[in-house]
Structures are given as structure tokens and as C-alpha cells.
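Heads up, the thing below is written out as C-alpha cells.
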Amino acid sequence: MTTDERGAHGHDHDHDHDHPGTTPDVNETGYYELMAEAMKELLIEKGVVSADDVRRNLEFLDSRDPAEGAKIIARAWTDPAFKKRLLEDGTKAVGEMGFPMGDAELIVVENTKDVHNMIVCTLCSCYPRTILGLPPDWYKSKSYRARAVVEPRSVLKEFGTELPGDKTVRVHDSNADMRYLVLPEQPAGTEGWSEEQLAAIVTRDAMVGVTLPQA
Amino acid sequence: MMMFSVGDRVRIKDSHPPGHRRTPYYVRGKTGVVERYCGDFKNPEELAYGFDGTPKRELYRVRITQTELWPDYEGSDSDTLDLEIYDHWLEKIGE
Amino acid sequence: MSQRQHDMGGMQAGPIESDEHAAEPWAKMITSLAAAMRDHDIMRIDELRRALEDLPEDVYSKDYFERWSEAMVNLLEEKGLLTREEVMGKMDALKAQLEG
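Chains as they are written, first to last, in the numbering used here: chain A, 1 to 215; chain B, 216 to 310; chain C, 311 to 410.
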């Protein structure tokens, strides 16, 4: 069996022949780590991309963090005019704060006493990466992608979130060019808090809509 | 000239063409209401195969009630599923 | 036509595993590599999604970044930018270096 076939058809530790270039005890991750490095080096050698291009994108990726996204929420909670702009045109509003959206557009959906919003991408893993960074494993999992659209309340319970039965739950399937951010309700008892204090209680999970912020 | 207006009742085509489509299986053939016009975007069904995706298609957010989607839905009758559908997947239903 | 493997809304699935792992360096690197190619319009996200969707079932069922890597190799080969054989060869060379 060549390394070629091994890659294409899946991995099985129970064979006793060698793959040229990989020993049977190289684990799956080691194999893919090698593949990623190999691809990168080949593409750079061939002049398809430069090492600089990759490095710049990696730096941008590393600069993304949910704590940055939390600042958007905190600002919306303290600045009603900004909140209005955020809900009317999410892309433009977060642009004011320096968040680029690329080719996508941002829609910010507001949680109220009547409505709870939850975000999923059933087809792949579309996610507001420039605002929240990389999505968590669960967001990309079959369990979440399959169940969020059909049994949102059951999924929310798994995250420890229980909603009143008469509250409207809106699930947004982020399946095309829009990206979504949930604007959670400001928790009771946080009136008068500074933006910094408020941002500290806004978690990534609250901005995806699976939990509620706690004061 | 936009093909659909906010509030229009629409049906998502019950079509199953092979290849890259951004209309999830679970909404095909279902009806909903246009919630907003999202803008014009290059057609992903063409971009996926190396075409340039033009002319752009109109993208709409369609709101579907969960009880329309799932026969045994456990939740509020007011719960919705909102998603983005390109114009060529939508048909307007009479008033 | 039946529901395709990637088109997961409504499929049967179990509980959600909430424990998280920070993305490994190689996963972030491959993400950045894909982003760099998109910057130059060499590889579009739509093409990568299509390549993922078209993976054989047993490859699609691998972990997220593993199947991404497989899809990328297939797509890059389709575009004539490299071959799977070259990738395997480079992997051998890199491994030899590591062991050297």
C-alpha cells in the first residue's frame, strides 16, 4: 500500500507493512502535520504563495479572539446609537471598531425578553472568524450542525441554558454570505458598569447564542 | 429590480441537483417568508467549479417556522429557522 | 437524491462534546495557507467547500483539519498546482530530515 492510497482511503493501524516514508507508529496527527508542512513548502517552492503571505495570515489569525468581539457587545450595551447602527448594518458598525468582514456581511441579531437567537452553519463551519477567531470544535461537529436546527432547546440545555417555554427561539443557519453575531441581553445587575467590566462577562458562547452572559 | 420583497411568501425549490449547492436539504420544498434582502453575491454554485460566479444572484434571508420544517418539533410555535437563499432557489407563492 | 454527507441539518446525531482543544499549530498553518491562496484568488473558499463535500465518506469522517488537508491536496492537484505524489514525496523528505 503506498502512502498515496493510505491518504486517500483512510487510516488503519492494523496492518504490518510499511508506508514508504511513514512508519506505522506515526499517529494520524503526525501524518497530517507532515502533509500540511509538505503542502506549504511545495507551494512556496513553486511560487504559488510566499512564506510572507502565510506568515501574515497566521499573524492575523492569531490576533483574532472572542475578547475582541466582546468589546462590540459591551459598546452596544453602553451606547444606544452604536447599538442601533450595529443592528441596522453590522458590517459597517463593526468596521468602525476596526473589524474587517472581507467578502462576507455581518448581521447582528438581538436577544430580547421575547426572542433568543442561536447561530449554526449546517453545511460546513461558517463563523464570524474576524470577530471571534477560530470556531470551537463543537461548532464544527456533526452533533451541533445536525441538531441545532431541529432541536435547539435540547441543544441549549446541553450548554446549561434553559429558556422559558414561550420565548421564541430563532436559529440562524449561516449558509451563504452572511455571518452572524448574537447581541445578548445585558444581564440584570450590571447597570452602570464600564465597557471594560461588561466586555469581561461576554463569552464567545454567548455571542454564538448557546449561553447567556452572567453578571 | 429586486425579484422578491420583504414579507413575500416563498417556496424553496424541491430540487436536488448534484454538485455544490448552498441550499440545505432540510429546507428544500419548504415555505417561508422573505425576512430581508441581503444584497447581490457571486453564485457559489459556479465559484465552486472555477467560474467567476457572475452575474451575481440576489440573496434573501427566508424565515421558516420550525413547525413547518419538523413534524415532531418540540418548542414554541413561534420558533423560526432563518437562512439565506439565492433567488434562483425561490418561487413566489400567491397572496 | 439523498442528503449529502456535509449537509447535516436534521441528521441523527448524539450529544455535543463541549470540551475544547486549542487549534494545533499545523491546523492554524493550513488555515493560513488556504487564506493566503484565497488572497491571491488561487483557491476560492467555494472550491474548497466543494472539494470537502466530494471527499470519500471515510475521509470526510476524519477530524476537521485532517479532511481539510485531504481536500486541499485534491483541489490543488485538480488545479495543476501540485500532485499528491509530490506531496507524498515531500512528506518522505521532511520525515527523513526529522529523523536525520
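Beta carbons: idealized from backbone N, C-alpha and C, even for Gly.
Taking a cut-off of 8 Å for Cβ pairs, the segment 241-249 of chain B and the segment 340-353 of chain C do not touch, as fewer than three such pairs fall below it. Rounded to the nearest whole angstrom, the CA to CA distance from glycine 320 of chain C to glutamine 197 of chain A is 39 Å.
Looking at the DSSP output, histidine 116 of chain A sits in a beta bridge with A:Val169. Annotated three-state conformation of isoleucine 107 of chain A is strand, per DSSP. For the segment 244-272 of chain B, the set of residues with a beta-carbon nearer than 9 Å to any beta-carbon of chain A comprises Arg251, Cys253, Gly254, Phe256, Lys257, Pro259, in chain order.
Among the residues facing chain B, threonine 211 of chain A is not included, as its CB has no counterpart in that chain under 8 Å away. Between the segment 106-114 of chain A and the segment 180-189 of chain A there are three or more C-beta pairs closer than 8 Å, enough to call the two in contact. Against chain A, the beta carbon of tryptophan 285 of chain B has neighbours under 7 Å at Val150, listed in chain order.
Contacts with chain C at 8 Å (Cβ-Cβ) include glutamate 158 of chain A.
Between threonine 130 of chain A and methionine 97 of chain A, the C-beta gap is not smaller than 8 Å, which leaves the two residues out of contact. Spanning the alpha carbons of phenylalanine 219 of chain B and lysine 257 of chain B requires a straight line of approximately 18 Å. Within 10 angstroms of the beta-carbon of leucine 408 of chain C lie fewer than 16 other beta-carbons, which makes it exposed.
Neighbours of valine 169 of chain A in chain B, taken as residues at a C-beta separation under 9 Å, are given in chain order as Gln281, Gly290, Ser291, Ser293, Asp294, Thr295. Taking C-beta atoms under 8 Å as the contact rule, methionine 318 of chain C and alanine 146 of chain A qualify, at a distance of about 5 Å. Judged by pairs of C-beta atoms under 8 Å, the segment 275-287 of chain B does not touch the segment 362-373 of chain C, as fewer than three such pairs exist.
Taking a beta-carbon distance threshold of 8 Å, aspartate 89 of chain A does not count as an interface residue toward chain B. The residues Arg85, Leu86, in chain order, have a CB closer than 6 Å to that of alanine 93 of chain A in the same chain once the five nearest residues on each side in sequence are set aside. Sequence-ordered contacts of the segment 343-363 of chain C with chain A read Leu343, Ala345, Ala346, Met347, Asp349, His350, Ile352, Arg359, Leu362 [C-beta pairs closer than 8 Å]. Looking at the DSSP output, lysine 307 of chain B bridges to B:Val225.
Three or more beta-carbon pairs separated by less than 8 Å link the segment 347-365 of chain C to the segment 258-269 of chain B, which places the two stretches in contact. The DSSP-derived three-state label of phenylalanine 82 of chain A is helix. For valine 155 of chain A, the chain C residues whose C-beta falls within less than 7 Å of its own C-beta are Ile326, listed in chain order.
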